[in-house]
Amino acid sequence: MHDVKSAGLLSVVATPIGNLEDITLRALNVLRSVDFVVAEDTRHTRKLLSHFDIRVRIKALHEHSSDEDVRRIVDMLLEGRHIAYVTDAGSPCVSDPGEELVKAAVDAGIRVVPIPGPSAVTTALMACGLPAAQFRFIGFLPRKKMERQRALRELSTAREALVFYEAPHRVRATFRDMLEILGNRPACAARELTKLHEEFIRDGLSGLLEGLADPVVGEWTIIVQGATSDVCPEQDPEEEPWQEELRRRIAGGQSLRDAAREVASARNLPRRRVYQAGVEMADSLACFQPLPNSLAKSQ
Numbered sequence: 441m442h443d444v445k446s447a448g449l450l451s452v453v454a455t456p457i458g459n460l461e462d463i464t465l466r467a468l469n470v471l472r473s474v475d476f477v478v479a480e481d482t483r484h485t486r487k488l489l490s491h492f493d494i495r496v497r498i499k500a501l502h503e504h505s506s507d508e509d510v511r512r513i514v515d516m517l518l519e520g521r522h523i524a525y526v527t528d529a530g531s532p533c534v535s536d537p538g539e540e541l542v543k544a545a546v547d548a549g550i551r552v553v554p555i556p557g558p559s560a561v562t563t564a565l566m567a568c569g570l571p572a573a574q575f576r577f578i579g580f581l582p583r584k585k586m587e588r589q590r591a592l593r594e595l596s597t598a599r600e601a602l603v604f605y606e607a608p609h610r611v612r613a614t615f616r617d618m619l620e621i622l623g624n625r626p627a628c629a630a631r632e633l634t635k636l637h638e639e640f641i642r643d644g645l646s647g648l649l650e651g652l653a654d655p656v657v658g659e660w661t662i663i664v665q666g667a668t669s670d671v672c673p674e675q676d677p678e679e680e681p682w683q684e685e686l687r688r689r690i691a692g693g694q695s696l697r698d699a700a701r702e703v704a705s706a707r708n709l710p711r712r713r714v715y716q717a718g719v720e721m722a723d724s725l726a727c728f729q730p731l732p733n734s735l736a737k738s739q
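Per the working numbering, numbering of the sequence shown is gapless, rising by one per residue and ending at 739.
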């Protein structure tokens, strides 16, 4: 049995998301001093270490690694090793791998130290120009259209700014769904953050969609302004749970007929009663924004 008191240290190190000059002095000192580095992609990390003339052993740990691979690293930590964990770019565990290793280390009583640094979330927020004192980080939305739309409906009444990541081949579909469900809200799309061709595009969701290049390139961070009181009024504190759900569905852009049918079925309520309640709600909601003709034709 290992003695936890003599256990090593796991440093979780943030690395640049594009510009190598963004690495911190603390991160460099840690990477130079550890027994070895555990990396998401050893080839990518070797380039980073080589740039800063850091010579250290590297071991791979990625999304396809087994539980046994994680266990072996934890065992080395329990033997007193100092190990650094890095992903390809940015902050580990923030919509990035690393969660399993950190949890296993914590469960084993090993000290885990974050070495903060670059993150696409905070980088985009700093220059988005939107109210973002409060924000909700979503990361990547589901790939399937119905699941993506469902997730957006659940977020439609959130007052915080919403922060998403998206891959280039899904950006167009994501903007289309955002416009349909969230309405033409102010938004900011940031691509190639900290890189040579960094770009911030600030517009309504309709403008962002219509202005997309073909093909879409680069990794995207998207910030959408949160719901405002004139878009989604305050919920009546006396509303029953089914009324709250109905209001949320309507505010999220679901048709009154479909929302009433699904709520009535799920709650075992008379459909006519639910529909009538929805009619009254719809009068106070301004969440229904028709799609632009160009968008409607493209669907």
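Note that beta-carbon positions come from the ideal geometry of N, C-alpha and C, so glycine has one too. Since this is a predicted model, take the numbers as computed values, not measurements.
- Here Gly666 is buried: its Cβ has 16 or more other Cβ atoms, across all protein chains shown, within 10 Å.
- Put simply, the stretch 687-697 touches the stretch 594-605. At least three CB pairs are less than 8 Å apart.
- Annotated as distal: Phe577 and Val611, with beta-carbon spacing of 7 Å or more.
- A direct Cα-Cα distance of roughly 22 Å separates Asn708 from Gly692.
- Residue nearest to Leu541 within the set His504, Pro558, Ser559, Val703 is His504 (criterion: CA-CA distance).
- With respect to Glu632, Gly658 sits close: the two C-beta atoms are nearer than 7 Å.
- Take Ile494, set aside five residues on each side of it, and the residues of its chain with a beta-carbon closer than 6 Å to its own are Leu471, Arg472, in chain order.
- Counting only runs that start and end inside the stretch 528-604, the beta strand (DSSP E) elements of at least 3 residues fall at 551-555, 575-580.
- Contact between the stretch 512-520 and the stretch 486-493 is absent: fewer than three C-beta pairs spanning the two stretches fall below 8 Å.
- Closest in C-alpha terms to Thr562, from the list Arg590, Gly530, Asp536, Ala591, comes Gly530.
- Here DSSP, grouped into helix, strand and coil, assigns Thr614 to helix.
- Thr485 carries a helical assignment under DSSP once its states are collapsed to helix, strand and coil.
- For Ser506, the closest of Ala544, His484, Asp617 by C-alpha to C-alpha distance is Ala544.
- Per DSSP, reduced to three states, the secondary structure at Arg712 is helical.
- Arg711 sits away from Ala722, with the two beta carbons spaced by 7 Å or more.
- Your pair Met618 and Val656 does not check out as a contact, with CB atoms roughly 15 Å apart and the cut at 8 Å.
- By the Cβ neighbour-count rule, Leu636 is exposed, with fewer than 16 other Cβ atoms within 10 Å of its own.
- In this chain, the beta strand (DSSP E) harbouring Leu450 covers 449-453.
- Closest in C-alpha terms to Gly458, from the list Ala500, Cys533, Ile621, Asp528, comes Asp528.
- Pro537 and Gln589 have their C-alpha atoms some 25 Å from each other.
- Taking a C-beta distance under 7 Å as the contact criterion, Ala564 and Thr455 do not qualify as a contact pair.
- Thr614 sits buried, since 16 or more C-beta atoms from the chains shown fall within 10 Å of its C-beta.
- A check of alpha carbon separations from Asn624 across Leu460, Ile498, Thr668 identifies Thr668 as the nearest.
- Taking all protein chains shown into account, Val719 has fewer than 16 neighbouring C-beta atoms within 10 Å of its C-beta and is therefore exposed.
- Shown here for Met586: not one same chain residue has a beta carbon closer than 7 Å to its own, the five before and five after excluded.
- The alpha-carbon separation between Ile463 and Ala560 amounts to approximately 14 Å.
- Where Glu639 is concerned, the enclosing beta strand (DSSP E) starts and stops at 639-644.
- Per the coordinates, the alpha-carbon of Ala500 lies some 40 Å from the alpha-carbon of Leu645.
- Here DSSP, grouped into helix, strand and coil, assigns Val664 to strand.
- Per DSSP, Ile690 is not a residue of any beta strand (DSSP E); the alpha helix (DSSP H) it occupies stretches across 681-691.
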